[in-house]
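Take a look at the structure below.
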Amino acid sequence: MESRIVISGFGGQGVLTIGKYIVYGGMNAQKEVSWMPSYGPEMRGGTASCSVVVSDRQVGSPIVTMADAVVVMNKPSLSKYLPKVKKGGTILINSSLIDTKADRQDINVVYVPANDLAVECGSARSANIVMFGAFVKKVGVITYENAISVLNDSFAKKPAVLETILKCFERGYNLD
Amino acid sequence: MESRIVISGFGGQGVLTIGKYIVYGGMNAQKEVSWMPSYGPEMRGGTASCSVVVSDRQVGSPIVTMADAVVVMNKPSLSKYLPKVKKGGTILINSSLIDTKADRQDINVVYVPANDLAVECGSARSANIVMFGAFVKKVGVITYENAISVLNDSFAKKPAVLETILKCFERGYNLD
Amino acid sequence: MEKVKVDFEACKGCGLCVMACPKKLMQIGSKSNNKGYFVVECSDQNACISCTSCARMCPDSALEVSK
Amino acid sequence: MEKVKVDFEACKGCGLCVMACPKKLMQIGSKSNNKGYFVVECSDQNACISCTSCARMCPDSALEVSK
Amino acid sequence: MSKKILMKGNEAIAEGAIRGGCRYFFGYPITPQNEIPEYMSWRIREVGGDYIQAESELAAINMVYGAAGAGARTLTSSSSPGLSLKQEGISYICMAELPCVLVNMTRSGPGLGGIQPSQGDYFQTVKGGGHGDYKMLTYAPSTVQEAVDILYDAFDKSEKYRVPVFILGDGLLGQIMEPVSFKPMKEMPNPNTKDYATTGKHHGKERRIVNSLYIEPEICEPKNLELQKKYKLLEEKETLCEEYLCDDAEIIITGFGTVGRIIRTAVDDLRARGIKVGMIRPITIFPFPGEVYKKYANKQSVKLFLDVELNAGQMIEDVKLNVAGKKPVEFLGRLGGYVVSPEEIIEKVMEVIK
Amino acid sequence: MSKKILMKGNEAIAEGAIRGGCRYFFGYPITPQNEIPEYMSWRIREVGGDYIQAESELAAINMVYGAAGAGARTLTSSSSPGLSLKQEGISYICMAELPCVLVNMTRSGPGLGGIQPSQGDYFQTVKGGGHGDYKMLTYAPSTVQEAVDILYDAFDKSEKYRVPVFILGDGLLGQIMEPVSFKPMKEMPNPNTKDYATTGKHHGKERRIVNSLYIEPEICEPKNLELQKKYKLLEEKETLCEEYLCDDAEIIITGFGTVGRIIRTAVDDLRARGIKVGMIRPITIFPFPGEVYKKYANKQSVKLFLDVELNAGQMIEDVKLNVAGKKPVEFLGRLGGYVVSPEEIIEKVMEVIK
Amino acid sequence: MQTVYKKSEMLTSNPTHYCPGCTHGIAHKLIAESVVELGLMDNVIGVAPVGCAVFAYNYFNCDMQEAAHGRAPAVASAIKRVHKDVAVFSYQGDGDLASIGMAEIVHAATRGENITVVFINNAIYGMTGGQMAPTTLEGQKATTCIYGRQPRSEEGDVVNGNPVRVAELLATLDGPAYIERVMLTDPANVMKAKRAIKKAFEYQMAKKGFTFIEVMSSCPTNWYTSPIDALNIVKTQMIKKYPLGVFKDIGREAK
Amino acid sequence: MQTVYKKSEMLTSNPTHYCPGCTHGIAHKLIAESVVELGLMDNVIGVAPVGCAVFAYNYFNCDMQEAAHGRAPAVASAIKRVHKDVAVFSYQGDGDLASIGMAEIVHAATRGENITVVFINNAIYGMTGGQMAPTTLEGQKATTCIYGRQPRSEEGDVVNGNPVRVAELLATLDGPAYIERVMLTDPANVMKAKRAIKKAFEYQMAKKGFTFIEVMSSCPTNWYTSPIDALNIVKTQMIKKYPLGVFKDIGREAK
Ligand SMILES: Cc1ncc(C[n+]2csc(CCOP(=O)(O)OP(=O)(O)O)c2C)c(N)n1
Ligand SMILES: Cc1ncc(C[n+]2csc(CCOP(=O)(O)OP(=O)(O)O)c2C)c(N)n1
Ligand code: SF4
Ligand code: SF4
Ligand code: SF4
Ligand code: SF4
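Each protein sequence line maps, in turn, to chains A, B, C, D, E, F, G and H.
Heads up, my numbering is the position in the first sequence plus 743, with the first residue counted as 1.
Heads up, my numbering is the position in the second sequence plus 743, with the first residue counted as 1.
Heads up, my numbering is the position in the third sequence plus 194, with the first residue counted as 1.
Heads up, my numbering is the position in the fourth sequence plus 194, with the first residue counted as 1.
Heads up, my numbering is the position in the fifth sequence plus 68, with the first residue counted as 1.
Heads up, my numbering is the position in the sixth sequence plus 68, with the first residue counted as 1.
Position 73 of the seventh sequence, counted from 1, bears residue number 59 in my numbering, the numbering being contiguous throughout.
Position 15 of the eighth sequence, counted from 1, bears residue number 1 in my numbering, the numbering being contiguous throughout.
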């Protein structure tokens, strides 16, 4: 079993972080993992993305060309990565910022109003956490418990925000 | 026919110039020629030498390892180049500055008190011209007339010194 | 007519014009452009004295000023 | 004994010591060393005041001065 | 071996060097290797070493020359254009026989090119980007863990042979995050124990001279021959190569560095389809594991070689020199920052077996 | 052709470039090529050009980039360590596809090495001393006259293909004096006639951008493929090679540059002894005349190849790649500034035919 | 209504890749406007550096050459020698000009090349992600001096060394005709900066020698501040170390 | 009788390859004597340049590293970081230090490396045969400016550019502790030069920062003069462009 995932959005939207959470979860579950960023020439703004692989065998190419799952946080990412979802795969779309629809019938399309939900949960900057929650529910790769433990570890030094974070995660996880 | 010649001495003794005269003579005689200098790391002082080839065919290696004729103007050059004279070849030794003898029986050894003769001729700095005269007489390669015409060409712009130069040349040419 | 015209896609919402305006007319708006930046707007075109301070400060040549 | 000793092989006959000697005692000699340089000599060891000027100027450390 | 932690290739490599006893780092920023100098800038002082952000790659490599000559364990890293600037210094270091470790996280060229992964500097590294005849002990790791392990022993090897150890990576190796574990800390040997090192203590005794100038051919040629002898010795002792499923392979896919891991996936997938493929992956690219290629070139069962590189075809020359016309050698290359995918390799294999 | 005059190789090369239309020279002193910048410093202004003694080889090659980009016929020259410093700039020039002419009067290396002749920079020149995949149209003249004639047409070729032309000489070629004759003066074409050149006149029209940065693989890869296509074209059109007495030869001696003239003497002398030897001398070393080697490798009568170089064995790889195991390839090399003699070659031949 | 300010025609319509509020954009405009006002639009060649301004050739609407890191002054010098009557400028950051390119800038300056160099001093390596620059201030944090730049330790050993003042350094040379340091913190200073750049081009066209404008700039991204705070840092902290002013002006001297 | 002056034991017995009357030899002696007098003989590492002094490692009787052309300050900086309490000096000519090595000297200086740099300014490239150096005087002939160095033409185009004054240039930096220019024209000035070099080593050992002595030197061979005339040229012509003096002394400033 190998899951190949791309997460993409504006620089600053926390897309690289979503990827890291998935990878940490993979490690917790004794899987082989890799994480690979890709930046444009812009230092700020521009599009950032990362490729994540979680696998039972040694990871060959860490660069995901055809993905089992894609998360897109902004509009340019949707057009770029929609064609890269494997047949039968899943795309999660941040519908707060992306008003177009994904016109593919051979994949699962999930719309997550991540920014709106994050604001709802009291942390405008945590849209990525909402998305992470939705990802764990809709795509899997790592279990709910595993994801929670990743978040607990990641925010161990910031207990103040942990509660809101978990709230965002749950909101995404319990999307519908 | 190919003549391979080395001329060696202190930097400043005009050894490179002797080489050039031979080469100009060779060109006058429609031969193939080459001239190749070799310097030590010193800018002044130290030993300078040049390899000269005058040939009927295209010149292959311009670097003379075994020479038909060698001219040595100072002591270090004698020890360095004596072994490099071919059997039956000729060495011309500036006996004004070199007090040792060449101990080889298989070659022609010519002693030329070049500095003393140059002083005699009224041009202390023209020991090299004396040597050139001796070379043309003892080794040949270029004819007397050819050599004179080379000197005439070379000093065309300094008629004032030409007379002394020719005197030095004759003194070397008519060594004995 | 608008004295200060904003190039909606060029603006990066950096706020330098906001700081530069002697009349404090420029403000970051609530609409974001395709690049995701919240674009600046002039709160009162009539109050604008066309001094060009905002436009001169704009690193992205997003402002055009008329009078 | 010699106040100014010349290292015959080290001297390059440059003449800097000649220029430096306040007593004008140093002069380029007529003998050349193995490298072909005419070596300097002190014309009058007794007149030497051992001021070391010559030796300090010598680029080749060819001079040793005693008093 | 400690517990595995997730780390970016560049940082892991830096830590690997530290564990291997590296105490001096000289470098200049360039993408995609910036995390190495950034990590070193604070980490190396924690372990009692020193760090200079050099004014340029030129200065950096000459600082390596200085510190290595002074007996220290010294690292520098850069990426393609930076390596071009270092060629004079590398040539000096090789002639002066100074131990040190150099890293290239190759990006796409030529020129300013791009910042994506590439293997376009193979020739520069192993044939001699600098002037004169010299070689470096050159590793091309394929995973972060392999890189870390190579770094851990690199200084020992470098000091043993008095040659620079060169790590030829690429942007992929530098930017990937993978789990990695580290071995215990080695300390840097005292420079005073190094008999070539300038320490300032040898006035009148046997002075140490670090030098690459041999003006007389009588000395320069023997010196060069000594170097050549050493390179022969490296060939005998230090050649490393991974052979994967080659025993019964009809097609041998070959590639170095990170391409190796991609070939491995392709091999597995092709085997799953019943196609007999194997992989040869040189771990050292100088010395080049030519014998391994010769062995398979001579084998009846092997039908052809497929060389895969992120360049226009560079290692393929070394492959061909050893296959020596006995079997065809096909090529698959991607350029300009593209990383070849397992699918492309599979497709190419399907094409060549047709 | 004018009357032959006696001239030092370096000066003749400089004059050859001037005759070929060169009007800009940027260089930095280094033995054994100093007569080139010295000659250029006054000569190029006589013909209306300009000269900068650059602050370094780095500056010099980047000045070439500037002036070549601005449409001028531009030359720089240096020797081994200086060439190492120029590698980044060369890589830029190749990617930006700027025409210019570069000279290396190779000296012995590695490091500061010595100032005597050497061929130790073959790899650096033809495999890629700089980063990335690039090639230059590279000539290795064997006599001063040949060098002068190559220089005379070098700028035309360089502009035709938009590649740098590289002259790989050595200290021998630079320092030898030989009779030489020159062809009539060519003028430099007006930069405004060059459609790639920055002249400052294209605001708002089709701006000229001289650049080597292609950050997206989608653009960088096709750009690289274009370069590769051009190099293929050079292989087809510009390969040059001298074959001497090869028809019935049993032993083929091969070597490039000045070694060729020494081999020629050896061949003549061996023929005089009745030994059937011939010579292959690549005049272009990129493109390498591989087909010529293939032809003789396939020939029954040929028993072996002997490659002679002033290095530890560099061109021999290209020879072997083409001989492809069909015949043995022996090697004779001198290092550290020694120039091989005809006698040594003869001796080696006698040894290998035993 | 009449347009009193709009985008210069010496700038292309390409959107820049610069971060929001980065003063690179302002500096670009000043060069563009100066060139237009001097009527040099069809007589100008620019040289782009390696740094955040590496894509400057996409933004200036004229012939451009992209130089290797630090070598823009060498490239510009050579272009000028070929086109002696064309205005030639280079545009360089502090890593490019003051670190790797120190030899090239000093030598273009001492030769007295008739070129104009616009030097963007933002005290950081922008493009590569915020490493220490030669101009980074004492105490300033960067990714290669995470505890803040410390010139030397208490024991007197060097830690990160001292910043370099390029305008002052170049002013010791005979080749420069005009050297000024300006900043871009507010409209008045922006205007002043533009006058300096324009004057530099004027001197260049009069073949007075080398001209150099050091522009104190900001890098909000790698300073981890807002664009406006960044300008305040320039005003309050940077110009203490890098005072504004004219460091050389042979026109003035001549009077 | 008692020896009052003899060859320093910090110099080896190897004869030098320098031309007769070349002041390189004097400068070597001053370094050697200073090191001995400061008791640093067993605590010193030297760095040789590329230039006529390329063989300096044959002459100084201590551990030495031969650096690539121009890079001695980088090499010396790194050595010093490894051996923080050892005296480290570099010895460089004007081609080496002021031309190709300009970036390295400026940066070693601005970092404030605790090293001593002895800079031999003879206004020419000696070793390679008399080409123009960055310090070649206006009007001075060299093999790459055979009509004499001409900074610019009457039309204002650059011809050979202007000479650079390194001591003054480095004095604009914060890193240097001590910068002095001296000459070797007569015994009194030789003594003065020695005091300067010695002081530089003292500062270095006290970790005060970068120390730099510019030694106005001669190159009789490439100036085509006698050794004595060469010294006169230094005295009468060179120091007009390169005035002697202390350009920086933090010891003095502190008082
Ligand atoms: C030879 C070389 N070394 C390093 C780099 C990497 N590099 C790209 S931009 C840059 C720094 C630029 O900083 P600066 O000049 O201050 O400009 P800014 O980005 O701050 O505008 C560096 C080091 C390179 N491209 N080439
Ligand atoms: C990279 C490189 N470029 C050029 C040279 C050639 N070179 C040797 S010495 C020298 C000039 C030395 O002049 P300077 O530093 O003034 O010292 P001097 O010989 O006058 O003492 C040059 C250019 C070299 N060895 N390496
Ligand atoms: S010590 Fe003084 S007096 Fe004696 S010779 Fe030397 S300079 Fe003259
Ligand atoms: S200064 Fe020294 S080398 Fe010169 S002449 Fe006097 S003793 Fe001889
Ligand atoms: S990184 Fe800094 S200098 Fe670069 S564009 Fe962004 S703000 Fe400007
Ligand atoms: S060439 Fe000049 S600097 Fe070099 S040793 Fe001779 S006199 Fe001295």
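We treat Cβ as the ideally placed atom computed from N, Cα and C, and that holds for glycine.
What you are looking at is a predicted structure, and each value in this text was computed from that prediction instead of being measured.
Its chain contains Arg141, Leu143 as the residues whose beta carbon lies nearer than 6 Å to that of Cys90 (chain E), once the 5 sequence neighbours on both sides are disregarded; these appear in chain order. Secondary structure of Ser224 (chain D) (DSSP, three-state): strand. Take the alpha-carbon of Ile761 (chain A) and the one of Pro149 (chain G): they are about 39 Å apart. For Pro178 (chain E), the nearest beta carbon of chain F is closer than 7 Å to its own beta carbon. Here Leu210 (chain D) has Met251, Cys252, Pro253 as same chain residues with Cβ atoms under 7 Å from its own Cβ, once five neighbours each way along the sequence are excluded.
In chain order, Lys72, Ile73, Met75, Ala80, Val212, Gln213, Val216 place their CB closer than 7 Å to the CB of Val248 (chain E), counting only its own chain and leaving out the 5 sequence neighbours on each side. Look at the beta carbons and you see the region 186 to 197 of chain H touching the region 100 to 107 of chain H: at least three pairs across the two are nearer than 8 Å. By the C-beta criterion, the region 357 to 376 of chain E is judged to be in contact with the region 304 to 315 of chain E, since at least 3 inter-stretch pairs fall below 8 Å.
Fewer than three Cβ pairs drawn from the region 878 to 897 of chain A and the region 755 to 774 of chain B lie within less than 8 Å of each other, which leaves the two stretches out of contact. Counting along the chain, Lys829 (chain A) sits inside no alpha helix (DSSP H); it lies in the beta strand (DSSP E) bounded by residues 828 to 837. Counting along the chain, Val420 (chain F) sits inside the alpha helix (DSSP H) bounded by residues 410 to 421. From the beta-carbon of Gly803 (chain A), the residues of chain E found nearer than 7 Å are Arg329, Ile330, Arg332, Thr333, Pro410.
Residue pairing for Leu374 (chain E): DSSP places it in a beta bridge opposite E:Ile321, E:Glu398. CA-CA distance, Ile104 (chain F) to Arg175 (chain E), rounds to 36 Å. In this structure, Val814 (chain A) keeps its C-beta atom at 7 Å or more from the C-beta atom of Ile872 (chain A).
Not a single CB atom of chain G sits nearer than 7 Å to the CB of Tyr264 (chain F).
Distance between Leu372 (chain E) and Val345 (chain E), taken at the CA atoms: about 10 Å. Ligand 2 has no heavy atom closer than 6 Å to the beta-carbon of His3 (chain H). Per the Cβ contact rule, the region -6 to 12 of chain G is not in contact with the region 233 to 244 of chain F (fewer than 3 Cβ pairs under 8 Å).
For Lys901 (chain B), no beta strand (DSSP E) encloses it, and the DSSP letter there is neither H nor E. In this structure, Pro97 (chain F) has its CB closer than 6 Å to one or more heavy atoms of ligand 2. H:Ile165 is the residue among H:Ala179, H:Ile165, H:Glu52, H:Ser212 whose C-alpha sits nearest the C-alpha of Lys234 (chain H). Cβ proximity to chain B below 7 Å picks out Gln243, Ile244, Met245, Glu246, Pro247 from the region 243 to 260 of chain F. A direct Cα-Cα distance of roughly 18 Å separates Glu415 (chain E) from Lys827 (chain A). Within the same chain, and ignoring the five residues on either side of Arg402 (chain E) in sequence, the residues whose Cβ sits closer than 6 Å to its Cβ are Leu378, Val408.
Ala128 (chain E) has its alpha-carbon roughly 40 Å from the corresponding atom of Glu19 (chain G).
Ranked by Cα distance from Ala179 (chain G), the first of G:Ile91, G:Lys193, G:Ile199, G:Gly195 is G:Ile199. Using a cutoff of 6 Å, the CB of Lys206 (chain D) counts as near ligand 4, since one of the ligand's heavy atoms is closer than that.
Taking 7 Å as the cut-off, the beta carbon of Thr193 (chain F) is found no closer than this to the beta carbon of Leu153 (chain F). At a cut-off of 7 Å, the C-beta of Cys162 (chain E) has a neighbouring C-beta in chain F. Remark: fewer than three beta-carbon pairs, one from each stretch, lie closer than 8 Å, so the region 131 to 142 of chain G and the region 194 to 214 of chain G are not flagged as touching.
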